[in-house]
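Engineer: The structure's right below; bear with me while I get my questions together.
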Amino acid sequence: MKLFSESEESLTKDLKDSIRKKGSLASLVTCRTFSEEKEKNLIFTYPRLDIRRVSERSRNPDHLPKDWEIRALSEWKEFGSKENPAFIFSESLPKSLHFMRPIYVNDPVCLKCHGAADQITSELKTEIKRLYPKDGSFGYKLGDLIGAYSASWGRL
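Next comes the structure, spelled out in structure tokens:
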């Protein structure tokens with residue numbers, strides 16, 4: 006879906022630009038605020054849309070998956086990989102339509118905050134812990150499934 010691709014491309018670009026200009030520590034907020042701002046803008050443009058990033062090992066507790074999202078993530082873990090991209094998951098219910106697209110760790114820049122413990126600087130670990138006391142979004146390597154873009158449209 007175009008919305009998912011645009012979100013991912015924008016986040017990657019904004020994050021790389023921020024890291025280049027300000028460094029990793031100052032850029033931690035970019036990922037956090039980007040998600041909130043992008044979601045609000047899309048909801049304003051598409052009033053019945055609920056769009057977000059989800060992960061079973063979420064940094065932000067608001068991004069923990071719902072039951073239907075867990076089913077998609079489980080299937081992708083079993084059948085998908087970066088080399089064999091997972092399908093778009095969709096589900097049609099009487100009152101809503103749901104779509105998801107997987108997010109893989111496809112850029113080394115992601116590992117600055119989401120990589121193995123020895124890849125994350127102590128300053129960054131401290132700030133992540135301050136912003137996200139229950140953080141579980143680390144220990145990934147290139148190609149890992151980190152989560153998904155999820156969208157639901159309410160029907161009239």
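Just remember that our numbering sits 5 ahead of the position in the sequence shown, which is counted from 1.
Yeah, the Cβ is synthetic: ideal placement off N, Cα and C, and Gly gets one too.
Cα separation between Asp123 and Lys18?
Structural biologist: Their Cα atoms are separated by approximately 25 Å.
Engineer: Nearer than 8 Å: is that true of the beta carbon of Pro138 relative to any heavy atom of the ligand NAP?
Structural biologist: Summarising the ligand content, the structure contains no ligands, and the ligand NAP is consequently not present.
Engineer: Expressed to the nearest angstrom, what Euclidean distance is found between the alpha-carbon atoms of Ser15 and Arg58?
Structural biologist: Using only the alpha carbons, I get a separation of about 14 Å.
Engineer: Given this structure, state the Cα-to-Cα distance separating Leu129 from Ile75, to the nearest angstrom.
Structural biologist: Answer to the nearest angstrom: the Cα atoms are 29 Å apart.
Engineer: Could you check the C-alpha separation between Asp140 and Ser127 for me, to the nearest Å?
Structural biologist: Rounded to the nearest angstrom, the two C-alpha atoms are 15 Å apart.
Engineer: Report back the beta-carbon spacing between Glu96 and Leu78 to the nearest angstrom; my notes put them in contact at under 8 Å.
Structural biologist: Glu96 to Leu78, Cβ: 13 Å. No contact.
Engineer: Helix, strand or coil: which one does DSSP assign to Ser97?
Structural biologist: Of the three classes helix, strand and coil, the one that applies to Ser97 here is strand, per DSSP.
Engineer: Could you say which of Pro52, Gly28, Lys100 lies nearest to Val114 if we only look at CA atoms?
Structural biologist: Here the closest residue by C-alpha is Gly28.
Engineer: Between the Cα of Asp112 and those of Arg106, Gly120, Leu102, spot the shortest distance and give me the residue it belongs to.
Structural biologist: Of the listed residues, the one whose Cα sits closest to Asp112 is Gly120.
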